[in-house]
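*Asks:* Line order of the protein sequences matches chains A and B. Quick note, the first sequence lines up with residues 15 to 307 if you use the working numbering. Quick note, the second sequence lines up with residues 726 to 983 if you use the working numbering. Just so it is clear, CB atoms sit at the ideal spot from N, CA and C, and this is done for glycine as well. This one's a predicted model, so the numbers in the text were calculated from it and none came from an experiment. Mind looking over this structure? Questions follow.
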Amino acid sequence: MGKHRVIAETGAGQHGVATATVCALFGFECVVYMGTEDMRRQELNVFRMRLLGAEVRGVESGSRTLKDAINEAMRDWVTNVRTTHYMLGSVLGAHPYPIMVRDFHRVIGREARAQVLKAEGKLPSAIIACVGGGSNAIGIFHEFLKDRKVQLIGVEAGGRSGKLGDHAARFHGGSPGVLQGTFSYVLQDKNGQIATTHSVSAGLDYPSIGPEHAWLKDQGRAEYVSAGDVEALEATTMLARTEGIIPALESAHAVAEVIKRAPRMKKSDIVVVNVSGRGDKDIGIMRENLRVE
Amino acid sequence: MLSFANKPSLIAYITCGDPDLATSRDVATACIDAGACVIELGVPFSDPVADGPVIQRATDRALRQGTSLKHVFELARDLRKQSDVGLIIFSYLNPVLRFGYQKFADACHENGLDGALITDLPVEEAQGYLQQMQKRRLSTIFLAAPTSTDQRLKRIAQASTGFVYAVARTGVTGARQQMSEEAKTLVSRIRRIAKLPVAVGFGISTGEQVAAVSSYADAAVVGSAIVQTIEQNPGKEASSVAKFIEQLSAVSRQYSAI
């Protein structure tokens with residue numbers, strides 16, 4: 015493409031760190047946009063990006079989270095499009111981004127399918143993944159779409175309540191709309207203004223959802239539920255103490271759904287949960303919110 | 726009515742409801758009296774990705790007032806009573822989508838608007854919108870960018886009526902020191918493809934720039950510079966904007982005469 019500059023947006027910071035890593039390796043100039051609220055709560059990843067040589071630009075507009083970071087990245091992109099590639103971090107934005115990002119994430123599903131067949135000799139009953147923009151979820155779902163018996167379950171952020179502004183559950187309160195070049199379910203008011211969102215996890219804190227998820231929902235192929243802040247935090251503790259894995263708060267939403275569902279399942283059922291991120295970056299928030307004795 | 730007979734032909738953009746609707750009405754009237762040929766009535770939207778900091782701030786102020794599409798239609802109706810100037814809506818897609826294309830076209834028609842420009846509606850996705858707008862004989866204006874290919878310019882020209890809006894340079898709205906050569910090149914590329922008038926916008930804030938643009942395009946759009954004048958002159962927004970536009974026109978005429 016002949017471009018020497020890469021920009022990205024990041025919510026939880028994972029995509030920002032990945033982008034900064036690649037840019038360091040290939041010697042590209044790297045600018046990452048991040049809402050200042052997210053910079054505060056994902057401080058560790060901000061440091062990691064800077065350590066890798068990226069410039070992290072704080073975004074002060076709106077709710078100072080992922081949506082606002084994407085706005086700012088898009089403004090940069092349209093200005094510098096001749097020299098700059100925009101590495102969008104989720105299955106969002108204008109075509110062909112949702113398809114491109116999905117295809118890059120399909121490796122998760124391919125790997126999961128091969129591993130479960132090898133270890134168990136059969137397909138799982140259900141696959142559960144958290145859904146912000148929805149890249150980790152679409153990545154693991156896609157390889158199983160044709161296996162109609164495999165239930166696909168996406169978990170949105172239920173936040174602190176069901177009131178508009180208190181959560182990021184687009185399928186439970188959102189309606190069709192266009193945001194940042196994508197036609198999908200959007201949390202919005204009656205005049206089409208995009209609503210603010212809340213989640214304890216920066217990576218799920220976004221008012222729209224990848225368009226392929228909207229399609230899977232309307233087709234009935236995937237099911238979408240939500241887990242609140244408290245449930246995600248509780249699931250974090252349980253996974254840490256039973257499996258020795260501290261999940262990212264985003265992934266903890268998926269774990270919370272497993273905890274809810276498992277008692278109703280048969281012993282022979284297999285559930286695959288996508289622990290899409292590790293919890294190191296969230297230790298500060300966990301310390302503030304969890305009483306660990 | 727969309728007409729670019731007066732020279733220089735100025736298109737004035739305002740964000741409706743900034744700082745309130747009554748002031749927007751006065752400012753629009755002042756623009757008309759100062760000789761603007763088209764008023765772009767900006768609909769505030771929570772996520773104005775095509776706008777720079779000046780219009781972003783105006784949008785915040787307008788949204789705090791609760792300004793919605795309905796108010797913009799009321800404003801258009803008031804302006805139409807006093808003038809036959811060109812009136813178009815300038816909006817992001819989601820408020821229009823939420824309102825409904827048919828209802829939107831009907832309301833444009835009923836309130837005396839000449840057409841609309843939807844910033845983030847690509848021509849490839851515009852079928853339903855175009856159908857409703859055409860039914861009401863409303864102009865549909867689309868943006869053309871310096872990076873648009875000839876093939877894309879053709880599609881833009883096909884879908885556009887009234888005029889084509891040429892974006893002067895890659896980037897968001899807001900004043901720039903210099904006008905790039907990109908704008909001139911883009912206008913000549915559009916002229917090869919379309920017979921429609923071509924307006925140039927994004928970054929125009931001085932009489933000199935208006936004169937330069939007027940030498941090759943049919944009209945110049947001034948947006949952020951007007952919005953900034955509103956922001957910097959609380960209590961005397963309309964008279965300040967009037968003075969600014971008169972000065973812009975005077976300087977432009979002077980340059981054109983040279």
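#1: Would you call the segment 54 to 74 of chain A and the segment 833 to 840 of chain B touching, i.e. three or more CB-CB distances under 8 Å?
#2: In terms of alpha-carbon separation, which member of B:Ile955, B:Glu971, B:Arg978, B:Asp845 lies closest to Arg750 (chain B)?
#3: Taking C-beta pairs closer than 8 Å, name the residues in chain B that Leu247 (chain A) reaches, listed in chain order.
#4: Quick one, which of A:Ile154, A:Asn288, A:Gly291, A:Met300 has its alpha-carbon nearest Glu245 (chain A)'s?
#5: Looking only at its own chain, which residues have a Cβ that is under 7 Å from the Cβ of Arg64 (chain A), when we skip the five neighbours before and after it?
#6: Any C-beta of chain B sitting closer than 8 Å to the C-beta of Ser290 (chain A)?
#7: Quick check on this structure: which residue in A:Pro190, A:Asn150, A:Glu237, A:Gly234 has the alpha carbon closest to the alpha carbon of Leu822 (chain B)?
#8: List the residues of chain A that Val897 (chain B) touches, going by C-beta distances under 7 Å, in chain order.
#9: Going by C-alpha distance, which of B:Val952, B:Pro778, B:Asp809, B:Ser816 is nearest Leu794 (chain B)?
#10: By Cβ distance below 7 Å, which residues in the same chain neighbour Val272 (chain A) in space, the five residues on each side in sequence not counted?
#11: Under a CB-based cut-off of 8 Å, is Arg78 (chain A) close to chain B?
#12: Inspect the CB distances between the segment 777 to 788 of chain B and the segment 944 to 961 of chain B and report whether three or more fall short of 8 Å.
#13: If the cut is a Cβ gap below 7 Å, which residues of chain D does Ser793 (chain B) touch?
#14: Is any beta-carbon of chain A found at less than 8 Å from that of Thr872 (chain B)?
#15: What's the gap between the Cα of Arg127 (chain A) and the Cα of Glu157 (chain A)?
#16: Spatial neighbours of Ala755 (chain B) within its chain, please: C-beta separation below 6 Å, excluding the five flanking residues on both sides.
#17: CB Leu193 (chain A) to CB Asn819 (chain B), shorter than 8 Å?
#18: In this structure, how does DSSP classify Arg901 (chain B) when only helix, strand and coil are distinguished?
#19: With a floor of 4 residues, list each alpha helix (DSSP H) that falls wholly inside the segment 904 to 956 of chain B, ordered by position along the chain.
#20: Residues of chain A with a CB under 8 Å from the CB of Arg901 (chain B): which are they?
#21: List, in chain order, every chain B residue whose beta-carbon is nearer than 7 Å to that of Leu193 (chain A).
#22: Between the segment 171 to 190 of chain A and the segment 756 to 776 of chain B, do three or more beta carbon pairs fall short of 8 Å?
#23: Are the segment 133 to 149 of chain A and the segment 214 to 225 of chain A touching, with three or more C-beta to C-beta distances below 8 Å?
*Replies:* According to the data block:
#1: With the cut-off at 8 Å, the segment 54 to 74 of chain A and the segment 833 to 840 of chain B do not touch.
#2: Closest by alpha carbon: B:Ile955.
#3: Correct list: empty, because the minimum Cβ distance to chain B is about 30 Å.
#4: Ranking A:Ile154, A:Asn288, A:Gly291, A:Met300 by Cα distance to Glu245 (chain A) puts A:Met300 first.
#5: Correct list, in chain order: Val70.
#6: Chain B contact via Cβ: absent.
#7: Closest by C-alpha distance to Leu822 (chain B), out of A:Pro190, A:Asn150, A:Glu237, A:Gly234, is A:Pro190.
#8: Neighbours of Val897 (chain B) on chain A, chain order: Arg89, Val92, Thr93.
#9: The shortest Cα separation from Leu794 (chain B) among B:Val952, B:Pro778, B:Asp809, B:Ser816 belongs to B:Ser816.
#10: Ile142, Val285, Val287.
#11: False, the Cβ-Cβ gap to chain B never drops below 8 Å.
#12: Contact between the segment 777 to 788 of chain B and the segment 944 to 961 of chain B is present, because at least three Cβ pairs lie under 8 Å.
#13: Here chain D cannot be found, since the structure's protein chains are A and B.
#14: Yes, Thr872 (chain B) lies at the interface with chain A (some Cβ there is under 8 Å from its Cβ).
#15: Roughly 7 Å between the two C-alpha positions.
#16: Excluding residues within five positions, the ones whose Cβ falls inside 6 Å are Ala963, Val966, Ala967.
#17: Closer than 8 Å, so yes.
#18: It is coil, neither helix nor strand.
#19: Secondary structure within the segment 904 to 956 of chain B: the alpha helix (DSSP H) runs of 4 or more consecutive residues, fully enclosed, are 906 to 918, 932 to 939 (chain order).
#20: The premise fails here: Arg901 (chain B) is roughly 11 Å from chain A at the closest Cβ pair, so nothing lies under 8 Å.
#21: Going along chain B in sequence order, the residues near Leu193 (chain A) (Cβ under 7 Å) are Asp772, Asn819.
#22: The segment 171 to 190 of chain A vs the segment 756 to 776 of chain B: no contact.
#23: Short answer: they touch.
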